[in-house]
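Residue numbers (this note's numbering): 2 to 882.
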């Protein structure tokens, strides 16, 4: 410290210049957090695989929607207006890839207009960055939508932007409120106008320098960042920095009051209070540094606080001594007697219970905490929309979609199946329907849309029983056609017999006509047999073959009649007039022959289709059949385009949920969907396809799985790290255990209180998913400071020769005021997060505030001394007893 005081000006000037330069040159931390996004999942997550799969295929598109709330069903003028809007938007920007006009077709109108006709959806497919999509949304509002009419624009990108915007607005509010609050609290504690500026200057420099370093680390080393990074830096640095400054300034005031010179007072302050401060800061640093072992980027983003703690220590050991030396005793002007903490009467009263009657003290803590713990259900919410004010247009639009079309329709779960080669084949696609049927059986699934069911309902034409019914109908028509042909030929036969009867014996052509009549008679007999055979189940192929043979015979008959007609016509006699009738009969034979060909062709198609059915394994497996060429049909192309990607090497299935896509029930349903799809593809052509799952519910499912696993692992690392530090500090294996145990009790009680307030009281679905992790880290890392304050003093008093009881009572009397003051100030800085308007920050603040006050006023003064006194000298095991 002597060296620091000697070089105080160069050090201070250097630090200030460094802070200014880095602040001016550093990237924008808020922009970095916005670019990182609200969801930062691991590459191994299903939804990330899906996003990467679509991006590689050039299909990384998303949808934003205009939502029209109408007082009555749209009339012609309104429909025309909405259609015109769709056309304008399509031409507005290059990132707009498609706009669905809800009134372009009956099918689209059914999908995009609610049943009551009072809500109209205009989906806009976009392919661009978050920034480009938000810019497009602004353009649509400013350049296209009519003023004065309420039309909502919503979508995942817009909601995420509103979340980011709310977080930044909340940060600005928190910064201002924190500074004002700390100044007011310090004014009350020190009763000095000058003193509050010391912590504010020290922590202000720390914050500016820390955020600049963190911003550079993000650019240089890929340091994790999120919306939580900046606001945690503000809350923890201002709260903890103020606490540490209070310790230093209080001890400095005591040293001055004892008559020491300024330099000596500063050196003594850092020898005593500085040591406790260093140990406490080290514990907090380790707590936040442990977050670096997390896999989840959003959780890891809190590791920036460790950078802030390291910078804070540098500033507290350089800038604060400078201010002490510069202001001397004027630092406390105009107060003369404040700042030196007196013995805490409250904690002295607590010590008479906890030290003298430890069992009673433990019982009191149990009565307060256990009922609260029993109410805890670990209800978590993944609803991003709750993070922002419900008055936002994006939220109103989403709520309108949910109310009008069903909660799950707005944001379906996407199932992606991908191969290296095209997989859209007639025999394979039918298995999609088998998968879809299995998915529809999952509880929480409303419907499934894919190639075989583009609107959510299976195309009836694909059912084998439906196709067989159509075939049976075709056979009946063929039989009816044969009957008609038979009747026609009977007429031809009768006509021939009549003409033959009119010919004189030995007339030219007479024999030919008689042969033709006999031939027609035989053909009719065979036609009757074939028609009867079809009715009794004769194979269509056999019938078609028979008809082809008869067609050839009928052609000969027709040629014979034509030849006879020519001979009669050449006779030039009276009977030559009969040739006209023969020509008509010849035309009838020709027509009958054409009819036979048509029937034969139809029977051949039926036969081929039946053969295809028989040869297709999927018919037996799924009960569905897609005739060859169906998927290439022009009418089917829009379906293929919508539900395939990457040159038909990938297939998309959309699963519509019955519940809110953001709800916990949706997460459970997604788990079931994943399991069902993985089972359903076994022994199908899609068994070796790469599977991925996309959509907000899938992302939340991944968030749940990853955050749960990361919470357990990171918390374990943090607690082990704290145990090692405390073990070395106190030279005891027992003391760190119940210190950490008391903090765990505090955390679970505090989160129980928070759950009671927000879930049971305010009706939210649950505590925001990130809150338990951050609440735990904050409360444990900050709360451990106060147990260190108390037990480090207890260690000093024990070393000086006092017995356990006396050492505890003296430590509690001396440190009670310090701890309560520090807890109130730190709770106050987190209280500044309350007006932020960001739900997760408000909930984290609730956990930290209730936890710190519970720990400082109940658990630390009642439970820790009671446990310590119960162990007696054994508390120092294994080093001394």
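Each residue gets a CB set at the ideal place from its N, CA and C atoms; glycine is no exception.
Does DSSP put residue 695 in a helix, a strand or coil? Here the question's residue 695 lines up with position 694 in the chain shown. Residue state, collapsed to three classes: strand.
Using 10 angstroms around the beta-carbon of residue 22, count the other beta-carbons present and answer buried if the total reaches 16, otherwise exposed. Walking along the chain shown from the start, residue 22 turns up at place 21. Counting Cβ neighbours within 10 Å, residue 22 comes out exposed, since fewer than 16 surround it.
Within the segment 669–737, ranges of the alpha helix (DSSP H) (whole runs, at least 4 residues): 697–731
Taking residue 384 as the reference, which of 766, 822 and 800 has the closest Cα? Counting from 1 along the chain shown, the entry for residue 384 is found at position 383. Among 766, 822 and 800, the Cα nearest to that of residue 384 is on 766.
May I have the straight-line CA-CA distance separating residue 131 from residue 398, to the nearest angstrom? Here residue 131 corresponds to residue number 130 of the chain shown, with the count starting at 1. Here residue 398 corresponds to residue number 397 of the chain shown, with the count starting at 1. Their Cα atoms are separated by approximately 19 Å.
Within 8 Å, strictly: CB atoms of residue 740 and residue 720: Position 739 of the chain shown, counting from 1, holds the residue named residue 740. Position 719 of the chain shown, counting from 1, holds the residue named residue 720. Contact flag unset, no.
Close Cβ partners of residue 3 (< 7 Å) along its chain, the five nearest in sequence each way excluded: For the purposes of this step, residue 3 is identified with residue 2 of the chain shown, where counting begins at 1. Excluding residues within five positions, the ones whose Cβ falls inside 7 Å are 268.
With residue 186 and residue 829 assumed to form a contact (beta carbons below 8 Å), what rounded beta-carbon distance in angstroms separates them? Residue numbering aside, residue 186 sits at position 185 when the chain shown is read from its first letter. Residue numbering aside, residue 829 sits at position 828 when the chain shown is read from its first letter. About 6 Å; that satisfies the 8 Å criterion.
Alpha-carbon to alpha-carbon, residue 24 and residue 18: The residue you call residue 18 lines up with position 17 of the chain shown. The residue you call residue 24 lines up with position 23 of the chain shown. Near 10 Å, if we compare the C-alpha coordinates of residue 24 and residue 18.
Given a threshold of 16 other Cβ atoms within 10 Å of its Cβ, counted over all protein chains shown, does residue 50 qualify as buried or as exposed? Taking the first residue of the chain shown as position 1, residue 50 is located at position 49. Buried, since its Cβ has 16 or more Cβ neighbours within 10 Å.
What residues in its chain sit with their C-beta under 6 Å from that of residue 864, if we drop five residues either side in the sequence? Here residue 864 refers to the residue found at position 863 of the chain shown. Cβ neighbours of residue 864 beyond the five flanking positions: 366 and 743.
So what does residue 345 bridge to, in DSSP terms? Here residue 345 is taken as the residue at index 344 of the chain shown, counted from 1. According to DSSP, residue 345 bridges with nothing at all.
Measure the alpha-carbon distance for residue 47 versus residue 693 and round it to whole angstroms. The residue given as residue 47 occupies position 46 in the chain shown. The residue given as residue 693 occupies position 692 in the chain shown. Rounded to whole angstroms, residue 47 to residue 693 spans 5 Å at the Cα level.
Considering only the beta carbon of each residue, do residue 325 and residue 282 sit closer than 8 Å? As a working note, residue 325 is residue 324 in the chain shown. As a working note, residue 282 is residue 281 in the chain shown. No. Outside cutoff.
Span of the alpha helix (DSSP H) holding residue 779? On the chain shown, residue 779 is found 778 positions in, with the first residue counted as 1. Taken as a continuous stretch (DSSP letters only), the alpha helix (DSSP H) holding residue 779 covers 772–800.
Give the single residue among 847, 414 and 646 whose Cα lies nearest to the Cα of residue 672. Position 671 of the chain shown holds residue 672. It is 414 whose Cα lies nearest to the Cα of residue 672.
What three-state label does DSSP hand residue 72 in the structure shown? Within the chain shown, residue 72 is the residue found at index 71, counting from 1. Three-state DSSP puts residue 72 in coil, outside helix and strand.
Just to confirm the assignment, what range does the alpha helix (DSSP H) spanning residue 5 have? Position 4 of the chain shown holds residue 5. Residues 3–7.
Euclidean distance between Cα positions of residue 12 and residue 20: As a first step, residue 12 must be located in the chain shown, where it is residue number 11. As a first step, residue 20 must be located in the chain shown, where it is residue number 19. The straight-line gap from Cα to Cα measures roughly 12 Å.
Neighbourhood of residue 393 by C-beta, 7 Å cutoff - its chain only, sequence neighbours within 5 removed: Taking the chain shown and counting its residues from 1, one reaches residue 393 at position 392. Here the set comprises 163.
Along the chain, where does the alpha helix (DSSP H) containing residue 439 start, and where does it finish? Stepping through the chain shown from its first residue, residue 439 is reached at position 438. 427–441 is the extent of the alpha helix (DSSP H) around residue 439.
How far does the beta strand (DSSP E) with residue 652 in it extend, from its first residue to its last? For the purposes of this step, residue 652 is identified with residue 651 of the chain shown, where counting begins at 1. Its beta strand (DSSP E) spans residues 651–658.
Contact defined as beta carbons within less than 8 Å: I believe residue 402 pairs with residue 122. What is the distance between those atoms, to the nearest angstrom? By 1-based counting over the chain shown, the position of residue 402 is 401. By 1-based counting over the chain shown, the position of residue 122 is 121. With 8 Å as the limit, residue 402 and residue 122 qualify as a contact, their Cβ atoms being about 7 Å apart.
Spatial neighbours of residue 862 within its chain, please: C-beta separation below 6 Å, excluding the five flanking residues on both sides. Counted from its first residue, the chain shown places residue 862 at position 861. Excluding positions up to five away in sequence, the list reads 348 and 351.
Where does residue 391 land, buried or exposed, given buried means 16+ other C-beta within 10 angstroms? Here residue 391 corresponds to residue number 390 of the chain shown, with the count starting at 1. That one is exposed.
According to DSSP, what are the bridge partners of residue 124? Position 123 of the chain shown holds residue 124. In the DSSP output, where bridge partners are listed per residue, residue 124 has 66.
How far does the beta strand (DSSP E) with residue 277 in it reach, from first residue to last? What you label residue 277 is simply residue 276 of the chain shown in a count that begins at 1. Residue 277 -> not in any beta strand (DSSP E); alpha helix (DSSP H) instead, spanning 263–290.
Pair within 8 Å by beta-carbon distance, residue 175 and residue 654: Taking the first residue of the chain shown as 1, we reach residue 175 at position 174. Taking the first residue of the chain shown as 1, we reach residue 654 at position 653. For residue 175 and residue 654, no; Cβs fall outside 8 Å.
When 257, 8 and 662 are compared against residue 156, the one with the closest alpha-carbon: Counted from its first residue, the chain shown places residue 156 at position 155. Nearest option by C-alpha distance: 662.
Applying the criterion that 16 or more other CB atoms from any shown protein chain within 10 Å of the CB defines a buried residue, is residue 870 buried or exposed? The sequence position of residue 870 within the chain shown is 869, counting from 1. Label assigned to residue 870: buried.
Residue 748 beta carbon less than 8 Å from that of residue 960: Shown here, the chain extends from 2 to 882; a query on residue 960 therefore has no answer.
Going by beta carbon distance, what residues of the same chain come within less than 7 Å of residue 878, once the five residues before and after it are set aside? Taking the first residue of the chain shown as position 1, residue 878 is located at position 877. Excluding sequence neighbours, residue 878 sits near 733, 734 and 735.
How long is the line joining the alpha carbons of residue 823 and residue 278, rounded to whole angstroms? On the chain shown, position 822 is the one that residue 823 refers to. On the chain shown, position 277 is the one that residue 278 refers to. Their backbone Cα atoms lie some 12 Å apart in a straight line.
Just tell me which of 353, 197 and 646 has its CA closest to the CA of residue 334. Position 333 of the chain shown, counted from the first residue, corresponds to residue 334. For the residues 353, 197 and 646, the minimum Cα distance to residue 334 belongs to 197.
Taking all protein chains shown into account, decide if residue 857 is buried (16 or more other Cβ within 10 angstroms of its Cβ) or exposed. Position 856 of the chain shown holds residue 857. The residue in question, residue 857, is buried, as its Cβ has 16 or more Cβ neighbours within 10 Å.
With a threshold of 16 other CB atoms inside 10 Å of the CB of residue 798, please say whether the residue is buried or exposed. Against the chain shown, residue 798 aligns to sequence position 797. Its Cβ being crowded by 16 or more others within 10 Å, residue 798 is buried.
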